[in-house]
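Participant:
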Amino acid sequence: MLMEDLKMKNQRNIFGVLSPTVMAILLLLFAQLFARANIIMTPYLQAVTEKSICVMVESDSTDPITIEYGRTASYGSKATTNSMLSTNTKAETPTYVHRIYLTNLSSGRLYHYRATQDGKTFTKDASFVTAAPAGKPIRFAALADFRNNPTVHEAIAARIKSAKPMFSIYGGDICSNGSYEAFKKEFFLPNELSLSSCVPFFNVPGNHEGWSTNTKAFTQAPISPKYDQGYYSFDYGDVHFVAINNYVSYNENSAQWNFVNKDLSTSNKPWKIVFAHEPAYCAGGHNENKQMINMTIKLFEPNKVDLVIAGHSHFYQHNLVNGIHHLVLGSAGAPLYDPGNAPYVVKSAKVYHYAIIDVDKNKLHITVYKEDGSIIDTIEIEKKASVSSSHSQKLTYAGHFER
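638 is the number of the first residue of the sequence shown in our numbering; add one for each residue after it.
1. Can you give the beta carbon distance from Ser834 to Thr679, rounded, assuming they're within the 8 Å contact cut?
2. Applying the 10 Å Cβ sphere with the 16-neighbour rule, what's the burial state of Ser743?
3. For Asn725 and Thr850, which I take to be in contact (beta-carbon distance under 8 Å), what is that distance rounded to the nearest angstrom?
4. Going by Cα to Cα distance, which pick from Glu705, Arg776, Met721, Asn814 is closest to Ala971?
5. Measure the C-alpha to C-alpha separation of Leu665 and Tyr748 and round it to an integer number of angstroms.
6. Please check the pair Ile961 and Val942, which I expect to be a contact at CB under 8 Å, by giving their CB distance rounded to whole angstroms.
7. If we ignore side chains and look at the alpha-carbon of each, how far apart do Thr740 and Arg751 end up?
8. Measuring only the C-alpha atoms, how far is Val911 from Asn883?
9. Just the C-alpha distance for Thr767 and Asp700, rounded to the nearest angstrom, thanks.
10. Assign Pro827 to one of three DSSP states: helix, strand, or coil.
11. With DSSP run on the structure shown, which of helix, strand or coil describes Arg784?
12. Kindly indicate which three-state DSSP category Lys1021 falls into: helix, strand or coil?
13. One question on the structure: do Ala778 and Pro802 come within less than 8 Å of each other, judged by their Cβ atoms?
14. Alpha carbon to alpha carbon, what distance is there between Leu901 and Lys1021?
15. As a quick exercise: from Lys998, Asp997, Tyr974, Leu957, pick the residue whose alpha carbon is nearest that of Val983.
16. Under a three-way DSSP split, which group does Met929 fall into?
17. According to DSSP, which residues form a beta bridge with Pro907?
18. Beta-carbon within less than 6 Å of Ser698's beta-carbon, same chain only, minus the 5 sequence neighbours each way: which residues are those?
19. Considering only their Cβ atoms, is the gap separating Val692 from Ile676 smaller than 8 Å?
20. Taking Lys1019 as the reference, which of Ala969, Phe878, Lys727, His1002 has the closest Cα?
21. Classify Arg784: buried if its beta carbon has 16 or more other beta carbons within 10 angstroms, exposed otherwise.
22. In whole angstroms, what separates the C-alpha of Lys949 from that of Ser711?
23. Spatial neighbours of Asp997 within its chain, please: CB distance less than 6 Å, with the 5 preceding and 5 following residues excluded, ordered by chain position.
24. Relative to the C-alpha of Pro787, which candidate in Lys927, Phe824, Lys727, Tyr807 has its C-alpha closest?
25. Roughly how far, in whole angstroms, is the beta-carbon of Tyr807 from the beta-carbon of Asn840, given that I think they are within contact range, below 8 Å?
26. In three-state DSSP terms, what is Phe667?
27. How about Lys853 and Leu722: are their beta carbons less than 8 Å apart?
28. Considering Ala880, what are the terminal residues of the beta strand (DSSP E) in which it resides?
29. How would you call Gly922, buried or exposed, if buried means at least 16 neighbouring beta carbons within 10 angstroms?
30. Sorry if obvious, but does the Cβ on Ser834 come closer than 7 Å to a heavy atom of the ligand GTP?
31. Should Pro916 and Val965 be called a contact, given that it needs their Cβ atoms to be closer than 8 Å?
32. Helix or strand or just coil, what does DSSP make of Val996?
33. Taking the continuous beta strand (DSSP E) assigned at Lys715, which residues delimit it?
34. Can you tell me the Cα-Cα spacing of Thr919 and Ile737, whole angstroms?
35. When the Cα atoms are used, what is the spatial distance from Ile1013 to Leu973?
36. Below 7 Å CB to CB, which residues in the same chain sit around Ser968 once its five sequence neighbours on both sides are set aside?
Now the structure itself:
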């Protein structure tokens, strides 16, 4: 009995000499040691190809994430974290956005997936479709400038999901700044996560979120010469897409300029679409971008780009310059601006909006909708084999063009 009392007294003395700071550190270490890893947001999709896709999962832990996936909800295959990037938060510890690549998939096929970090707790079943091969028609959504209007953003996200696109193009300013809080409160909303958990999106950074730590953490470009430069390209069906990062140098002979030049000149896809945050041609709002105009004249036009999609100025505008259609899809929630006028303007509207674009080998059809689902504009571009070497287009009727 005496020995037990002495032992307890010694333990009290040991803890008594520890300073409050040391005690706090020890308690934190014990808490972290026994803490359970948590997936803290619905998984979402990036960088889809015919044979692969990247599942993004945010967690409070660096413990590996496991994705179970397969052609049915019985799954059958597994993949684990390939890499991760940490976020920049106001909390003492960051969160971690895991990248899990699902590979050796079949093109144009439906797959189911779910995520777990402890092998016991699983996210809800979700599904996606791999990229369509050449020769197959495709449908995608295009929009930009969500910023800090969750009501409009959520309404548009729900309408896009009901339109059943294969993927989405986001033209930046997906939140009002690059902070963790802005991404979580303004972009990763319930309807957006419901959409992007089954419809992958490709993003280019806007001036508001910038090419920041959190933008890099929460978005993943397809495989390209570098993985962190924010400009890239990919093929989907009969379309070649090029993503421009306006916040990494794109001056003439810069690395990005040379990438775009080589990339466009070597693609043999029937259609070529470029997307960026800042438009080359724009009447009103932030107006024209001289660097983008230079890139358009020297790279896009000679390489027969069909369509350039951008945002930045908060209105809808369809511009036509030297055979290239330039769409300003500038507000899926950002405060609206008054559009201006210029000789190249085909149509403008001061409304919240998004576009659904259908493409096959010979025709590209664009429908632009208001947030309530009513139609603002329709554009149809036909590509005829007999004039495929020509870059001229003619207006055949309002909103319809032949190439």
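Ideal Cβ placement from N, Cα and C applies to all residues, glycine included. Just so it is clear, the structure is predicted and the values come from calculations on it, not from any experiment.
Facilitator: Based on what the coordinates show:
1. 5 Å
2. exposed
3. 4 Å
4. Asn814
5. Reliability fails at Leu665, whose pLDDT of 48 lies under 50, so the model's placement of it is uncertain and the value that follows must be treated cautiously. If I take the Cα positions, the gap works out to 41 Å.
6. 6 Å
7. 15 Å
8. 12 Å
9. 27 Å
10. helix
11. coil
12. coil
13. yes
14. 20 Å
15. Leu957
16. helix
17. Answer is none; Pro907 lacks a bridge partner.
18. Ala674
19. no
20. The sequence given here has Glu at residue 1019, not Lys. Closest by alpha carbon: His1002.
21. buried
22. The sequence shown places His at residue 949, not Lys. Distance between the alpha carbons of His949 and Ser711 is about 44 Å.
23. Pro774
24. Phe824
25. 4 Å
26. Here Phe667 scores only 44 on pLDDT, less than 50, and its place in the model should not be relied on; the value that follows carries that caveat. In the structure shown, Phe667 sits in a helix (DSSP, three-state: H, G or I).
27. yes
28. 876-880
29. buried
30. Looking for the ligand GTP in the displayed structure turns up nothing, as the structure carries no ligands at all.
31. yes
32. strand
33. 714-717
34. Sequence check: residue 919 is Cys here, not Thr. Their Cα atoms are separated by approximately 39 Å.
35. 15 Å
36. Asp782, His951, Phe952, Tyr989, His990
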